[in-house]
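K.L.:
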Amino acid sequence: MATLTFEQARQCVLKELRAARPEPKIELVGLSEAGGRVLAEPITSDRDYPALSRSVRDGFAVRAADLPGDLFVIGEVRAGEAFEGEVQPGEALEIMTGAPLPRGADSVVMVEHCTVEGDRVNVPRTLALGENVSPRASQAAENEVLLEAGRRLGFAEIGLLAMVGATKVPVYARPQVAILPTGDEIVEVNQTPLDYQVRNSNVESLAVQVKRAGGCPTVLPIARDLYQATRELTEHGLRFDMLLLSGGVSAGKYDIVERVLADLGAEFYFDRVLIMPGQPLVFGRAREKFFFGLPGNPASTMVTFEIFARSAVELLGGQKEAQLPLVWSKLSQDFRQKTGLTRFLPAVLSADGDQVTAMSWQGSGDVPSLARANAFLVTEPDRENWAAGDWIRVLLK
Ligand code: AMP
Ligand code: MG
Numbered sequence: 004m005a006t007l008t009f010e011q012a013r014q015c016v017l018k019e020l021r022a023a024r025p026e027p028k029i030e031l032v033g034l035s036e037a038g039g040r041v042l043a044e045p046i047t048s049d050r051d052y053p054a055l056s057r058s059v060r061d062g063f064a065v066r067a068a069d070l071p072g073d074l075f076v077i078g079e080v081r082a083g084e085a086f087e088g089e090v091q092p093g094e095a096l097e098i099m100t101g102a103p104l105p106r107g108a109d110s111v112v113m114v115e116h117c118t119v120e121g122d123r124v125n126v127p128r129t130l131a132l133g134e135n136v137s138p139r140a141s142q143a144a145e146n147e148v149l150l151e152a153g154r155r156l157g158f159a160e161i162g163l164l165a166m167v168g169a170t171k172v173p174v175y176a177r178p179q180v181a182i183l184p185t186g187d188e189i190v191e192v193n194q195t196p197l198d199y200q201v202r203n204s205n206v207e208s209l210a211v212q213v214k215r216a217g218g219c220p221t222v223l224p225i226a227r228d229l230y231q232a233t234r235e236l237t238e239h240g241l242r243f244d245m246l247l248l249s250g251g252v253s254a255g256k257y258d259i260v261e262r263v264l265a266d267l268g269a270e271f272y273f274d275r276v277l278i279m280p281g282q283p284l285v286f287g288r289a290r291e292k293f294f295f296g297l298p299g300n301p302a303s304t305m306v307t308f309e310i311f312a313r314s315a316v317e318l319l320g321g322q323k324e325a326q327l328p329l330v331w332s333k334l335s336q337d338f339r340q341k342t343g344l345t346r347f348l349p350a351v352l353s354a355d356g357d358q359v360t361a362m363s364w365q366g367s368g369d370v371p372s373l374a375r376a377n378a379f380l381v382t383e384p385d386r387e388n389w390a391a392g393d394w395i396r397v398l399l400k
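Quick note on the numbering used here: the sequence shown kicks off at 4 and runs consecutively.
1) Starting from the Cα of A226, find the closest Cα among F243, V213 and L247 and give me that residue.
2) Hey, could you find the ends of the beta strand (DSSP E) I182 is sitting in?
3) I think A102 touches A82, with their Cβ atoms under 8 Å apart; what is that distance to the nearest whole Å?
4) Determine the DSSP secondary structure at I225, reduced to helix, strand or coil.
5) First and last residue of the alpha helix (DSSP H) that includes S372?
6) What residue range is occupied by the uninterrupted beta strand (DSSP E) comprising Q358?
7) May I have all residues whose beta carbon comes closer than 7 Å to any heavy atom of the ligand AMP, sorted in chain order?
8) Can you give the Cα-Cα distance for W389 and D337, rounded to whole angstroms?
9) By a C-beta neighbour count over all protein chains shown, 10 Å radius and 16 as the cutoff for buried, is Y230 buried or exposed?
10) Does the ligand MG have a heavy atom nearer than 7 Å to the CB of D228?
11) At the level of alpha carbons, what is the spacing between E270 and G38?
12) For the beta strand (DSSP E) holding I395, just list the boundary residues, first then last.
13) Taking its Cβ as the centre, do 16 or more other Cβ atoms sit within 10 Å of V252, making it buried, or is it exposed?
14) Please report the distance separating the alpha-carbon of R139 from that of A67.
15) Around the Cβ of M305, are there at least 16 other Cβ atoms within 10 angstroms (buried) or fewer (exposed)?
16) Going along the chain, which unbroken runs of the beta strand (DSSP E) with 3 or more residues stay wholly within the segment 257-318?
17) Within its chain, find whatever has a CB closer than 7 Å to the CB of Q179; leave out the 5 residues flanking it on each side and keep chain order.
18) Using only the alpha-carbon positions, how far apart do L352 and D393 sit?
19) One question on the structure: do T8 and P280 come within less than 8 Å of each other, judged by their Cβ atoms?
20) Here's a check: name, in chain order, each residue in its chain whose Cβ is nearer than 7 Å to the Cβ of E238, leaving out the five neighbours to either side.
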């Protein structure tokens with residue numbers, strides 16, 4: 004079956020999801036519940052923004068052609084009111100930030116640039132036409148599309164919806180994601196494992212990751228490494244919008260996940276990716292549902308979800324784009340690695356983001372190190388040496 008590079012595997016996930024994801028259902032939610040959801044219909048502007056030309060400074064509304072000069076002050080206008088009269092040649096109107104520009108005026112001179120004496124104001128400088136004025140409809144015109152469907156709603160998007168008076172927001176239903184742990188050595192988190200057992204931590208980390216990607220996780224019971232049990236739970240998992248299996252995808256005698264999926268008629272897009280952690284990694288589709296067979300080692304599970312499954316959940320949830328949160332930073336120390344794989348290594352990115360330090364790392368089972376990290380170094384597979392100060396790609400955690 005297919006072994007892909009990191010880039011090929013990512014392109015494959017994005018391509019298959021785009022080609023075959025079903026259109027999600029639409030729900031109407033209140034504005035205060037819409038944060039983190041995905042917009043399902045375009046949002047249009049209910050009026051011009053700003054609705055009137057308005058001042059962006061405290062000062063005097065004037066006719067630019069009158070300047071420099073000595074002008075007669077005919078009154079004032081504050082934010083939240085409109086001035087009825089008109090500014091004639093040789094006149095000025097005192098104006099506050101946010102107040103509408105009066106008829107006749109075309110520009111605003113800042114109060115700091117004026118000298119006021121009784122009912123006269125002296126302006127010793129010239130102004131560009133329209134200076135310090137935010138013209139009507141300069142941000143958006145009435146009925147203009149402000150936000151397309153498929154956008155995840157963050158704080159700025161919610162602010163925009165509030166601005167246009169959207170009290171009910173059409174959003175896509177969250178994708179339902181089943182999480183199926185496999186393995187004879189797994190015990191529940193509230194149990195005390197024997198020395199040769201481990202607690203079922205993967206389902207907890209995956210549930211958080213699914214939620215962060217906009218999905219709704221359901222944790223299934225542990226599938227023991229027996230064909231029939233694994234098959235029944237896998238069939239159950241394939242009734243959800245997507246299935247994440249943890250473990251059972253390596254080459255061991257009891258790694259039966261791929262065989263079960265094949266018997267359920269799965270189409271496999273890849274089953275190995277040239278990355279570390281997480282080389283054995285299965286992505287495919289069965290019964291019209293996408294699935295990932297994630298390697299069981301906890302760090303591998305977490306990393307492979309972040310770099311592949313996260314985008315799949317996002318796209319399944321109706322998001323138009325699914326980007327990895329990648330940035331560039333400079334290494335604090337020299338760094339060496341073997342070539343051949345794209346590595347995702349736990350790292351600490353400095354508070355201002357200008358320096359990144361690799362952490363000591365014991366491999367795919369090293370959850371303590373991963374939990375203390377705030378990012379991953381992303382190495383290029385064909386490069387062996389980096390020097391302190393070299394730029395390197397960083398995946399945010
Ligand atoms: P596997 O991919 O099935 O060979 O599993 C590799 C290793 O991952 C196992 O030896 C376990 O230590 C660990 N592992 C598998 N499943 C889980 C899980 N649900 N929670 C925590 N660790 C797990
Ligand atoms: Mg196993």
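For glycine and all other residues, C-beta sits at the position ideal for the given N, C-alpha and C.
P.N.:
Once the coordinates are examined:
1) Comparing Cα-Cα distances from A226 to each of F243, V213 and L247, the minimum goes to L247.
2) Q179 to P184
3) 5 Å
4) coil
5) Unbroken alpha helix (DSSP H) run through S372: V370 to R375.
6) Q358 to A361
7) P184, T185, G186, E188, I189, V201, R202, N203, S204, N205, V206, S249, G250, G251, V252, S253, G255, D258, P298, G299, N300, P301 and G368
8) 6 Å
9) exposed
10) yes
11) 35 Å
12) W394 to L399
13) When all chains shown are included, V252 counts as buried.
14) 18 Å
15) By the beta-carbon neighbour count (other beta carbons within 10 angstroms, threshold 16), M305 is buried.
16) The segment 257-318 contains these whole beta strand (DSSP E) runs: 270-276, 283-289 and 292-297.
17) Around Q179: C219, T221, F243 and D244.
18) 14 Å
19) no
20) L267
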